[in-house]
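First residue of the sequence shown? That's 413 in the numbering used here, and the numbers climb one at a time after it.
Have a look at the structure below before the remarks.
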Amino acid sequence: MGTFPKDFLWGGAVAANQVEGAFEADGKGWSVQDVLPNGGLGEWTDSPTSDNLKLEAIDFYHRYKEDIALFAEMGFKVFRTSIAWSRIFPNGDDDQPNEAGLQFYDDLFDELLKYGIEPLVTLSHYETPLHLAKAYNGWTDRRLVGFFERFAQTVMERYKGKVKYWLTFNEVNSILHMPFTSGGIMTEKEQLSPQDLYQAIHHELVASASVTKLAHEINPDVKVGCMILAMPAYPMTSDPRDVLAAREFENLNLLFSDIHVRGKYPSYINSYFRENGIEIVFEDGDKELLAQHTVDFLSFSYYMSVTQARNPEAYTSGQGNILGGLANPHLESSEWGWQIDPIGLRLVLNQYYDRYQIPLFIVENGLGAKDQLVPTADGSWTVEDDYRIDYMNQHLVQVAKAIEDGVEVMGYTSWGCIDCVSMSTAQLSKRYGLIYVDRDDDGKGSLARYKKRSFDWYRQVIQTNGRCLKDDFS
């Protein structure tokens, strides 16, 4: 296969809170992740506890040079990570930034650029400073817009000339399902009113537009994208009522990209707002900000599709699907029950490009699996992860086909290119990486890094610009 553009951005992706560790080092404050020992959908604690693997994670904070050298060996053109907000503003509402935190990311980006790897930087990747959650109830409070603007301006000015690609909020639509993890909202999900939830969403959307404006003022050459959790919905049957159920599920997610790309609230959301008593409070200038400062590209994560029906109780639920839905009898599942659907990636690429006609960037895709180390002939260790190679090959073949369909795809970053703490389960045993990290769910291990079989495979994919991919899936 040879349809990938010459300038296609191949690489990998992580989030600061899942790899850095060093949760209190050099003046860093606590974030919501530091009190989520059981994953993004779990209960939070009042303060960090020793069972939270993210407190040390894989110690990327101290080992990033070693890891970046491995990324360069694979041939990465781009590396996606995030800036931990509480490493720069420990409480989130501080007047002055933490210089030690700023210097860390200076050093990190310099190391990437030394190898010709472009940083792709997420400003907020499930890392709201804990103080903002406790003192303001997160994004329900309009004041967070200003705090986020200060944070964004600080880092965008500091790293001007080093970072060309910015993302505002990771999986911004996930706030619908994880209000605390995604939005720092301490009100329990079951008690959170639709009004307060969607007002918080509005605050994030306004902040995203404002930061997009800031970025282009600071450096007109940068590209700013939004980032959504892509989850195409299929009707369980051809019954028009099932088709409608799938459409309604998708619309709640498309709302976020529609506003980021088109610059206004879509008309289809009006009936949902009426039915749920939602009246968004717009401040002066909000509508103009949204309309005039849309994103340059749309990025997304893709792990699975979902199936919907008008009467879901009549079917088996998709137990592993993190956002619900029904089990699709035509799809296999991962060890964690996530349904594997490569063609769904082609479908969603076409759907988004038909809808928006702006460049698309797949910034998360990968397979979480239980890997086993085996000895190598030279006395080292590896993982014979042919299942991961097969997963990535199948998905990348569908990306190539979408490009042949006419879709403009900027790049692909494999999620968890090095093993990291899972967001959804807070486990290290749910491994996504092309590089194995010796640490287990009990926190034990040497933190040594070992190349998996997929490491060499992905290096070949990048070297050949995808020509080595095998289209054996139809």
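Glycine included, every Cβ here is placed at the ideal spot set by N, Cα and C.
Please determine, among the options, the residue with the shortest C-alpha to C-alpha distance to residue i.
| i | options | result |
| --- | --- | --- |
| G689 | Y610, E455, H705, P632 | Y610 |
| A642 | S717, I630, N631, K625 | S717 |
| D883 | Q839, I613, D802 | D802 |
| C880 | L859, Q603, N805, W827 | N805 |
| F420 | G823, V623, V636 | G823 |
| F712 | Q763, E796, E455 | Q763 |
| S498 | D438, A860, V849 | D438 |
| V707 | Q769, L664, S745 | Q769 |
| W750 | A739, W827, T552 | A739 |
| S459 | L453, L448, L465 | L448 |
| D753 | H742, M598, L761 | H742 |
| M568 | P632, S443, A658 | P632 |
| Y513 | Y571, Q445, T415 | Going by the sequence as given, residue 513 is Gly instead of Tyr. Here the closest residue by C-alpha is Y571. |
| V795 | A612, R554, Y862, V618 | Y862 |
| T534 | F668, E695, N582 | N582 |
| G441 | I671, I500, H807, F592 | I500 |
| L656 | E687, N510, N723 | N723 |
| S443 | P417, A496, G878, V811 | A496 |
| G550 | D518, L604, K526 | L604 |
| F491 | Q607, W793, I774 | I774 |
| Y677 | H614, F483, G857, D479 | H614 |
| Y765 | D670, S858, D797, E691 | D670 |
| K418 | A812, L859, L846 | A812 |
Can you tell me where the beta strand (DSSP E) with residue i in it begins and where it stops?
| i | result |
| --- | --- |
| Y577 | 577 to 581 |
| P652 | Premise fails: P652 lies in the alpha helix (DSSP H), 652 to 674, not in any beta strand (DSSP E). |
| T794 | 793 to 795 |
| K863 | 861 to 863 |
| P787 | 785 to 787 |
| P531 | 530 to 536 |
| I774 | 772 to 776 |
Whole-angstrom Cβ separation of residue i and residue j, contact assumed at under 8 Å?
| i | j | result |
| --- | --- | --- |
| C829 | A469 | Not really, about 14 Å apart at Cβ, beyond 8 Å. |
| Y844 | L779 | 7 Å |
| P644 | L759 | 6 Å |
| G637 | L588 | The Cβ separation is near 20 Å, so there is no contact. |
| L710 | V673 | 6 Å |
| Q720 | D654 | 7 Å |
| T825 | G573 | Not quite, the Cβ-Cβ distance comes to about 22 Å (not below 8 Å), so this is no contact. |
| Y476 | A434 | Wrong, their Cβ atoms sit about 11 Å apart, outside the cutoff. |
| S841 | D853 | 5 Å |
| G452 | S836 | 6 Å |
| F521 | V575 | 6 Å |
| L617 | L702 | 7 Å |
| H772 | G878 | First, the amino acid is wrong: residue 772 is Leu here, not His. Actually they do not touch by this definition, with Cβ atoms about 16 Å apart. |
| L382 | A838 | Because the chain spans 413 through 886 in this model, residue 382 falls outside it and cannot be assessed. |
| E561 | V623 | 6 Å |
| L524 | I480 | 6 Å |
Bridge partners of residue i, per DSSP?
| i | result |
| --- | --- |
| I640 | F712 |
| A645 | V718 |
| K489 | Paired residues: none, contrary to the question. |
| W551 | Answer is none; W551 lacks a bridge partner. |
| A781 | R843 |
| W827 | A425 |
| Y870 | Beta-bridge pairing links Y870 to no other residue. |
| V821 | L772 |
| S443 | P541 |
| Q951 | Residue coverage of the chain in this structure runs from 413 to 886, which leaves residue 951 outside it and unanswerable. |
| Y848 | Y862 |
In terms of residues, what are the limits of the alpha helix (DSSP H) holding residue i?
| i | result |
| --- | --- |
| Q515 | 511 to 526 |
| F685 | 681 to 687 |
| Y476 | 472 to 486 |
| R499 | 497 to 500 |
| L890 | As shown, the chain starts at 413 and ends at 886. That puts residue 890 outside it, with no answer to give. |
| L591 | Here residue 591 is Pro; the residue named in the question, Leu, does not match the sequence. 591 to 595 is the span of the alpha helix (DSSP H), which, as asked, contains P591. |
| E616 | 606 to 630 |
| K813 | 798 to 816 |
| V760 | 754 to 768 |
Does the ligand GTP have even one heavy atom less than 6 Å from the beta-carbon of residue i?
| i | result |
| --- | --- |
| L542 | No copy of the ligand GTP appears in this structure; indeed no ligand is present at all. |
Would you call the stretch 722 to 730 in contact with the stretch 786 to 803, where contact means no fewer than 3 C-beta pairs closer than 8 Å?
no
Check whether the stretch 482 to 501 and the stretch 874 to 886 touch, using three or more Cβ-Cβ pairs below 8 Å as the test.
Yes, since at least three Cβ pairs between the stretch 482 to 501 and the stretch 874 to 886 fall closer than 8 Å, the two stretches touch.
Three or more C-beta pairs closer than 8 Å, one from the stretch 832 to 843 and one from the stretch 426 to 435: is that the case here?
yes
Check whether the stretch 853 to 871 touches the stretch 817 to 824, taking contact to mean three or more Cβ pairs, one atom from each stretch, closer than 8 Å.
no
Below 8 Å, can you find three or more Cβ-Cβ pairs linking the stretch 538 to 545 to the stretch 496 to 506?
yes
Say whether the stretch 527 to 538 touches the stretch 582 to 599, bearing in mind that this needs 3 or more beta-carbon pairs closer than 8 Å, one atom from each stretch.
As far as the Cβ criterion goes, the stretch 527 to 538 touches the stretch 582 to 599, which means the pair count is three or higher.
Specify whether the stretch 657 to 673 and the stretch 591 to 600 touch according to this definition: at least 3 beta carbon pairs, one from each stretch, less than 8 Å apart.
no
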